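Have a look at the structure below before the remarks.
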Amino acid sequence: MTRHAGSTGPARGAWSGDRIREAIAADPPLIEGYRDLGEQIQPNGFDLTLGQLSRLSGAGILPAVSTGRTLPALEPIDFPQDGLVTLAPGPYQIGFNETVRMPIGTMALGRARSSLNRSGVTIHTAVWDAGYVGRSTALLSVLNPAGFTVGLNARVLQLIFLDLSDEAGAGYSGAYQFEGMAGPGS
204 MTRHAGSTGP ARGAWSGDRI REAIAADPPL IEGYRDLGEQ IQPNGFDLTL GQLSRLSGAG
264 ILPAVSTGRT LPALEPIDFP QDGLVTLAPG PYQIGFNETV RMPIGTMALG RARSSLNRSG
324 VTIHTAVWDA GYVGRSTALL SVLNPAGFTV GLNARVLQLI FLDLSDEAGA GYSGAYQFEG
384 MAGPGS
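Everything in the sequence shown is counted per our numbering, starting at 204 for the first residue and increasing by one.
As structure tokens, this is what we get:
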């Protein structure tokens with residue numbers, strides 16, 4: 204095993220699909236609410252699926268202190284019977300089906316699946332911090348002037364889990380802890 208300079212332990216880095224599978228089987232599980240493990244576990248990550256879609260309606264405000272933060276209103280987009288929605292160019296908020304429970308020694312980054320990029324669409328995400336628990340949201344940007352059609356439950360984002368060089372002293376405790384779940388922050 205390769206070691207980091209000055210480290211006495213094994214090298215740390217991105218998780219393999221096998222390690223993700225083990226963490227999902229653990230108690231508590233790394234991920235819940237998934238649709239199909241066989242399709243969603245990748246060699247270097249886990250595909251999150253589209254569970255909700257909304258238009259942004261209004262402006263957001265982010266002052267220097269969190270107490271004045273205001274998020275834009277959202278207009279939910281309903282999926283028709285066939286599960287496909289055609290989106291005009293512009294920004295959309297998406298919510299995922301899966302609940303993620305980040306271990307204290309791990310963070311994650313999300314990357315749009317390559318089929319989206321090849322269609323002129325991308326997803327912007329924040330970091331999944333150590334200790335975060337919730338069903339996260341992200342910004343889907345349709346850049347293709349012809350628009351884009353997406354299906355409910357489509358695999359849209361690959362989540363890449365990374366070991367921290369040292370375990371975080373404390374896990375995430377911000378406003379979005381437990382988002383999308385019943386209870387605080389939902």
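Virtual Cβ for every residue (Gly too), placed ideally from N, Cα, C.
Only a predicted model underlies this, so the values are computations on that prediction, with no experimental measurement involved.
Annotation: the continuous alpha helix (DSSP H) that includes residue 318 extends over 317-321. If you look at residue 326, you'll find it in the beta strand (DSSP E) that goes 324-327. The region 357-365 and the region 244-259 touch, with three or more beta-carbon pairs separated by less than 8 Å.
In this structure, residue 276 sits away from residue 345, with a CB-CB distance that is not shorter than 8 Å. The DSSP-derived three-state label of residue 368 is coil. Only residues of its own chain outside the window of five on either side were considered, and among them 246, 247 have a CB closer than 8 Å to the CB of residue 219, listed in chain order. Under DSSP, residue 331 shares a beta bridge with 311. In the three-state reduction of the DSSP assignment, residue 233 falls in the coil class.
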